[in-house]
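Engineer: First, the structure itself, so that you have it in front of you.
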Amino acid sequence: MRPALLDSSVYVSALRDRNAAAAVEKLTAEAVLWLSAVVLEELYAGTREADLGVIEQWERDLDKAGRILVPNLSDWIYAGKVLRRLADKYDYEKIGRVRLTNDALIAISAGRLNVRVITANEKDFRKLAEFCSFPWQFVAL
3 MRPALLDSSV
13 YVSALRDRNA
23 AAAVEKLTAE
33 AVLWLSAVVL
43 EELYAGTREA
53 DLGVIEQWER
63 DLDKAGRILV
73 PNLSDWIYAG
83 KVLRRLADKY
93 DYEKIGRVRL
103 TNDALIAISA
113 GRLNVRVITA
123 NEKDFRKLAE
133 FCSFPWQFVA
143 L
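For the sequence shown, counting from 1, position 12 maps to 14 in our numbering; every step adds exactly one.
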């Protein structure tokens with residue numbers, strides 16, 4: 003079974019829509035699921051109060067399984083270098099780079115362990131893939 007990590011865009015879609023939740027369940031049925039600490043932060047910061055119990059359960063389950071992926075120092079340094087190169091190519095101002103920091107950390111730390119990132123955010127992950135190697139998959143939800 004291949005390891006996979008869901009981006010927050012996928013989790014949020016699954017929390018808000020039962021059809022999306024069913025699609026995500028089917029998509030990850032044959033995967034060993036990981037949870038990025040960055041995604042976890044985004045979920046706690048940006049989801050509804052009603053969803054906190056579900057998020058806390060995901061955190062407990064994946065922490066118990068030892069499958070929470072935390073960016074290390076090398077990931078942070080590499081993310082900074084990737085964001086600089088991306089900004090140079092696409093003429094991003096500081097705000098654009100800041101917006102992509104979390105996605106870069108997710109991509110780079112997942113790439114370090116060869117964990118596939120599943121995302122509904124094709125635009126940003128496609129650009130990141132130009133500058134760093136990580137397995138990823140777009141899913142329309």
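Just so you know, even glycine gets a beta-carbon here, dropped at the ideal spot from N, CA and C.
Report yes if the C-beta distance between P73 and L107 is below 8 Å; otherwise report no.
Structural biologist: Taking the sequence shown and counting its residues from 1, one reaches residue 73 at position 71. Taking the sequence shown and counting its residues from 1, one reaches residue 107 at position 105. Yes. Within cutoff.
Engineer: Would you report the Cα separation of M3 and G48, rounded to the nearest angstrom?
Structural biologist: As a working note, residue 3 is residue 1 in the sequence shown. As a working note, residue 48 is residue 46 in the sequence shown. M3 and G48: Cα-Cα distance of roughly 31 Å.
Engineer: Could you check the C-alpha separation between V34 and R86 for me, to the nearest Å?
Structural biologist: On the sequence shown, residue 34 is found 32 positions in, with the first residue counted as 1. On the sequence shown, residue 86 is found 84 positions in, with the first residue counted as 1. So the two alpha carbons sit approximately 32 Å from each other.
Engineer: Start and end of the beta strand (DSSP E) containing L115?
Structural biologist: Taking the sequence shown and counting its residues from 1, the one referred to as residue 115 is at position 113. Premise fails: L115 is in no beta strand (DSSP E) and is neither H nor E.
Engineer: Are the stretch 127 to 135 and the stretch 16 to 35 touching, with three or more C-beta to C-beta distances below 8 Å?
Structural biologist: no
Engineer: By how many angstroms is the C-alpha of E124 removed from the C-alpha of D65?
Structural biologist: Taking the first residue of the sequence shown as position 1, residue 65 is located at position 63. Taking the first residue of the sequence shown as position 1, residue 124 is located at position 122. Between D65 and E124, the C-alpha separation is close to 27 Å.
Engineer: Out of curiosity, what's the CA-to-CA distance linking Y94 and T121?
Structural biologist: Numbered from 1 along the sequence shown, position 92 holds the residue referred to as residue 94. Numbered from 1 along the sequence shown, position 119 holds the residue referred to as residue 121. Distance between the alpha carbons of Y94 and T121 is about 22 Å.
Engineer: Please list the segments of the alpha helix (DSSP H) lying wholly inside the stretch 24 to 104, counting only runs of 4 or more residues, in order along the chain.
Structural biologist: 39 to 48, 54 to 66, 75 to 92
Engineer: For V14, does the three-state DSSP call read helix, strand or coil?
Structural biologist: One-based indexing of the sequence shown puts residue 14 at position 12. Of the three classes helix, strand and coil, the one that applies to V14 here is helix, per DSSP.
Engineer: Could you name the residues of the same chain whose beta carbon sits closer than 6 Å to that of L71, not counting the 5 residues immediately before and after it, in chain order?
Structural biologist: Indexing the sequence shown from 1 puts residue 71 at position 69. Cβ neighbours of L71 beyond the five flanking positions: W36, S38, S111.
Engineer: Could you have a look at F127 and say whether DSSP puts it in helix, strand or coil?
Structural biologist: Your numbering for residue 127 matches position 125 in the sequence shown. Looking at F127 - three-state DSSP - the assignment turns out to be helix.
Engineer: Do the CB positions of L88 and L75 come within less than 8 Å of each other?
Structural biologist: One-based indexing of the sequence shown puts residue 88 at position 86. One-based indexing of the sequence shown puts residue 75 at position 73. In this structure, L75 does not lie closer than 8 Å to L88 by Cβ.
Engineer: Given that a residue counts as buried once 16 or more other Cβ atoms are within 10 Å of its Cβ, and exposed if not, what is L54?
Structural biologist: On the sequence shown, position 52 is the one that residue 54 refers to. For L54, the number of other beta carbons within 10 angstroms of its own is below 16, and it is reported as exposed.
Engineer: In whole angstroms, what separates the C-alpha of V119 from that of W78?
Structural biologist: For the purposes of this step, residue 119 is taken as the residue at position 117 of the sequence shown. For the purposes of this step, residue 78 is taken as the residue at position 76 of the sequence shown. Each residue's alpha carbon lies about 17 Å from the other.
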